[in-house]
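Report on one structure; see the data block that follows.
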Amino acid sequence: MLVSRSGASLADIFTGYKTTFNKGFEGAKSTISIIAMEVPSTAESETYAWLGNFPMVREWVGERIIQNLSAWKYTIANKNFEMTVKVNGNQIEDDQYGLFTPLMQEMGREAAIHPDRLAYDLLKKGFSERCYDGQYFFDTDHPIEGESGQTASVSNMQAGSGPAWFLIDASRQMRPLVFQKRRPYRFVSLDKANDERVFWQNEYIYGCDGRSNVGFGLWQLAHGSKADLTHENYEAARAAMASLTRDGGAKLGITPTHLVVPLELEGAARRVVKNDTRVITIGTASDTTTVVISNEWKDTAEPIVSPYL
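Those letters in the sequence shown? Residues 1 to 309, by full-length UniProt numbering.
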């Protein structure tokens with residue numbers, strides 16, 4: 001059995017690396033729980049037949065009305081993810097294994113924020129990838145049945161050519177996205193004397209792996225915009241979300257709680273929802289005046305600045 005110059009065994013080194021990995025994992029700052037609901041998975045894939053249904057309490061007159069929870073079918077298949085590094089046996093024997101401690105901690109951090117990478121990457125693809133109703137997640141013609149029984153087209157997006165920003169209602173158990181977890185990340189190794197890589201190449205392998213995936217949840221809980229992030233466009237997006245109804249015409253009562261932006265829109269987001277005042281222009285085209293007024297949208301949503309958008 002390989003033992004380092006200081007007497008540390010491979011079991012001790014593995015335990016130390018695993019502890020460091022867990023430290024990095026637990027210290028990572030993840031925001032996926034805001035935009036995605038975590039759903040445990042027990043199979044290769046999961047089908048969400050209930051998406052698109054908003055159960056609502058009604059007055060009990062006569063018999064109960066059973067709400068259909070299988071109108072749509074949306075399937076998310078789990079994927080395998082891994083990260084692997086190698087440590088030369090001579091470095092372990094010569095007490096240099098500590099040089100890899102920061103790498104193990106970074107591996108733990110990366111495993112913790114990997115679901116964020118998946119979720120935000122999917123969110124920005126929402127303008128071109130489809131959700132449970134067959135439309136793009138951010139689209140202008142999601143089908144909703146009105147009070148009269150006729151189907152109308154409803155929008156949850158603003159057109160434009162700038163970097164995308166998003167309004168999210170994270171006040172409910174359900175979320176705009178789904179984080180489907182089949183197996184959480186685990187720290188693993190190939191460091192036994194009879195492991196092939198150790199025997200032939202004197203290399204000790206450490207890594208992590210997990211099994212999960214993300215998918216679209218309820219489009220009604222998100223509004224995507226590529227228009228300029230201004231107070232006016234922010235107001236229009238909020239109004240559009242507030243006007244959404246379930247099939248039958250009842251208001252969903254959606255209230256945006258978070259403004260999600262990429263790094264390049266951080267300043268604009270803070271001006272819209274954090275500044276005490278804002279500047280407006282009044283007058284005619286030939287005679288305009290700028291006026292400073294109170295910012296009526298201050299603290300109406302919490303900004304989330306994601307480096308993964």
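We put the beta carbon where it would ideally sit given N, CA and C, even for glycine.
From a predicted model like this one, the values you see are computed outputs, not experimental measurements.
N-terminal and C-terminal residue of the beta strand (DSSP E) that residue i is part of
{"i": "residue 315", "result": "For the chain, the structure presents residues 1 to 309; residue 315 sits outside this window and is missing."}
{"i": "Pro303", "result": "Glu302 to Ser306"}
{"i": "Leu190", "result": "Leu177 to Leu190"}
{"i": "Asn233", "result": "Here Asn233 belongs to no beta strand (DSSP E); instead the alpha helix (DSSP H) covers His231 to Ala242."}
{"i": "Asn80", "result": "Lys79 to Asn88"}
{"i": "Thr151", "result": "Thr151 to Val154"}
{"i": "Glu145", "result": "His142 to Glu145"}
{"i": "Leu259", "result": "His258 to Pro262"}
{"i": "Gly224", "result": "Ala222 to Ser225"}
{"i": "Trp165", "result": "Trp165 to Ile168"}
Closest Cα partner of residue i within the set the options
{"i": "Ser225", "options": "Met157, Pro256 and Ser148", "result": "Met157"}
{"i": "Pro303", "options": "Ala250, Trp165, Asp12 and Tyr48", "result": "Trp165"}
{"i": "Phe14", "options": "Asp116, Gln105 and Ser189", "result": "Ser189"}
{"i": "Val291", "options": "Ile280, Gly217 and Thr284", "result": "Ile280"}
{"i": "Thr277", "options": "Thr47, Asp299 and Gln150", "result": "Asp299"}
{"i": "Ala112", "options": "Leu252, Arg271, Asp209 and Tyr97", "result": "Asp209"}
{"i": "Val87", "options": "Gln150, Lys73 and Arg197", "result": "Arg197"}
{"i": "Ser155", "options": "Tyr132, Arg211, Ala237 and Gly217", "result": "Ala237"}
{"i": "Lys23", "options": "Arg109, Gln91 and Thr75", "result": "Arg109"}
{"i": "Ala240", "options": "Tyr132, Asn78, Phe187 and Ser153", "result": "Ser153"}
{"i": "Asp139", "options": "Val260, Glu129 and Lys274", "result": "Glu129"}
{"i": "Ala43", "options": "His142, Ser30 and Ala77", "result": "Ala77"}
{"i": "Thr20", "options": "Thr289, Ile205, Glu106 and Lys124", "result": "Glu106"}
{"i": "Val85", "options": "Val273, Cys131 and Asp191", "result": "Asp191"}
{"i": "Ser75", "options": "Trp60, Tyr48 and Phe100", "result": "It should be pointed out that residue 75 corresponds to Thr in this sequence rather than to Ser. It is Tyr48."}
{"i": "Val272", "options": "Leu122, Ala301, Thr257 and Leu244", "result": "Ala301"}
{"i": "Glu93", "options": "Asp12, Ile144 and Pro143", "result": "Asp12"}
{"i": "Gly52", "options": "Ser148, Glu203, Ser33 and His142", "result": "His142"}
Limits of the unbroken alpha helix (DSSP H) element including residue i
{"i": "Glu266", "result": "Glu266 to Val273"}
{"i": "Leu252", "result": "Taken as a continuous stretch (DSSP letters only), Leu252 belongs to no alpha helix (DSSP H), as it is neither H nor E."}
{"i": "Pro102", "result": "Thr101 to Lys124"}
CB contact below 9 Å: residue i versus chain D
{"i": "Asn194", "result": "Among the chains in the structure shown there is no chain D, since it carries only a single protein chain."}
Burial state of residue i (16 or more Cβ within 10 Å)
{"i": "Asn80", "result": "exposed"}
{"i": "Pro102", "result": "exposed"}
{"i": "Ser70", "result": "Its pLDDT being 48, under 50, Ser70 is placed unreliably in this model, and the value from its coordinates should be taken loosely. Exposed, because fewer than 16 other Cβ atoms sit within 10 Å of the Cβ of Ser70."}
{"i": "Ala269", "result": "buried"}
{"i": "Pro176", "result": "buried"}
{"i": "Thr284", "result": "exposed"}
{"i": "Asp287", "result": "exposed"}
{"i": "Ser306", "result": "buried"}
{"i": "Phe199", "result": "exposed"}
{"i": "Ile66", "result": "With a pLDDT of 48 at Ile66, under the threshold of 50, the predicted position of this residue should be treated as unreliable, and no value is reported."}
{"i": "Glu46", "result": "buried"}
{"i": "Asp116", "result": "buried"}
{"i": "Phe216", "result": "buried"}
{"i": "Pro184", "result": "exposed"}
{"i": "Gly27", "result": "exposed"}
{"i": "Arg5", "result": "Per-residue confidence for Arg5 stands at a pLDDT of 48, beneath the threshold of 50, marking its modelled position as unreliable; no derived number is given."}
{"i": "Lys29", "result": "exposed"}
{"i": "Lys124", "result": "buried"}
{"i": "Leu309", "result": "buried"}
{"i": "Asp133", "result": "buried"}
{"i": "Asn90", "result": "exposed"}
{"i": "residue 348", "result": "Shown here, the chain extends from 1 to 309; a query on residue 348 therefore has no answer."}
{"i": "Ile282", "result": "exposed"}
The ligand COA heavy atom lying under 8 Å from the CB of residue i
{"i": "Ala237", "result": "Here there are no bound small molecules, and the ligand COA is not part of this structure."}
* Asked: Between the region 293-309 and the region 223-240, do three or more beta carbon pairs fall short of 8 Å?
  -> The region 293-309 is in contact with the region 223-240.
* Asked: Touch check for the region 168-187 and the region 210-224: three-plus C-beta pairs under 8 Å?
  -> Verdict: yes, contact present.
* At 3 residues or longer, and completely inside the region 18-58: list those beta strand (DSSP E) runs for me, N to C. => Counting only runs of 3 or more, we get 36-40 and 45-47.
* Uninterrupted beta strand (DSSP E) stretches inside the region 271-297 (no shorter than 3 residues) -> 277-283 and 288-294, all fully within the region 271-297.
* Are there three or more Cβ pairs, one per stretch, closer than 8 Å when the region 179-188 is compared with the region 36-50? -> Counting C-beta pairs closer than 8 Å gives three or more between the region 179-188 and the region 36-50, which meets the contact rule.
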